[in-house]
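Engineer: The structure is given below, and queries will be raised subsequently.
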Amino acid sequence: MPKREEETKPKTAKSPGASYGFWGFARDFSSGVFSLLNSGKVFPAFGLLLLVLMGLIAWRVPDTELAGLIREFFQLLRSSFGFAMGALIVTNVGWLWLIRRQREIYQSEITRLSDLRSKLLLGDKSSDFTPIKELHTSNGTQRESYVMPDSVTPSKRKK
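With full-length UniProt numbering applied, the sequence shown has no gaps in its numbers, which climb one by one up to 159 at the end.
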């Protein structure tokens, strides 16, 4: 007697995309934000936070009050607070440029030193190769010895 169709099909779990909902998105989003913060990339995380806040404000504010809110925002930017925020942004961009420039300098120095080391070990041509073992001053037949401290502790002096 043939089995019913339901019994013959293997029981499989739902496809991965079917269970991916809000909580999966929230988990992935928060892990992405925390990886940005842990890797020192604060500016993208800060920019994302600002975009979310601006979107939330624009979504929740009624259309009639949105124009007044934008007008007040630009008045705030023209005040001394706006000048301070502008100076903060300019100095942060300057620090970002300085950090990137310093990384470039360090990387170029590391590359220069590794090229110099290769030239010293291998020579300018590959036919000038000298193995590292031949550059050692000893041939390896010497006995190694170490200076070991006494195992007996010195006696204390009586005063």
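C-beta: ideal position from N, C-alpha, C; glycine also.
List, from N- to C-terminal side, the alpha helix (DSSP H) runs of 4 residues or more that fit wholly inside the stretch 58 to 132.
Structural biologist: Runs found: 63 to 78, 80 to 122.
Engineer: So what does DSSP say about Ser39, is it helix, strand or coil?
Structural biologist: As a first step, residue 39 is located in the sequence shown; it is residue number 39 there, counting from the start. It is coil, neither helix nor strand.
Engineer: Flag this pair as touching only if the stretch 103 to 115 and the stretch 33 to 45 have three or more C-beta atom pairs under 8 Å; answer yes or no.
Structural biologist: The answer is no - the stretch 33 to 45 does not touch the stretch 103 to 115, with fewer than three Cβ pairs under 8 Å.
Engineer: For Ile99, which option in Leu120, Lys41, Ala58 has the closest C-alpha, if you only look at C-alpha atoms?
Structural biologist: Locating residue 99 in the sequence shown gives position 99, where the first residue counts as 1. Among Leu120, Lys41, Ala58, the Cα nearest to that of Ile99 belongs to Lys41.
Engineer: State the Cα-Cα distance for the pair Leu96 and Ile89, rounded to the nearest angstrom.
Structural biologist: Taking the first residue of the sequence shown as position 1, residue 96 is located at position 96. Taking the first residue of the sequence shown as position 1, residue 89 is located at position 89. So the two alpha carbons sit approximately 11 Å from each other.
Engineer: When DSSP labels each residue in this structure, what does Ser19 get in the three-state scheme?
Structural biologist: Translated into positions along the sequence shown, residue 19 becomes position 19. DSSP places Ser19 in coil when its eight states are reduced to three.
Engineer: I'd like to check one pair, Leu69 with Val61: are the Cβ atoms closer than 8 Å?
Structural biologist: Stepping through the sequence shown from its first residue, residue 61 is reached at position 61. Stepping through the sequence shown from its first residue, residue 69 is reached at position 69. A contact, by the Cβ cut-off of 8 Å.
Engineer: Alpha carbon to alpha carbon, how far is Ala67 from residue 161? Give it in angstroms, no decimals.
Structural biologist: The requested residue 161 does not occur in the structure, where the chain is confined to residues 1 to 159.
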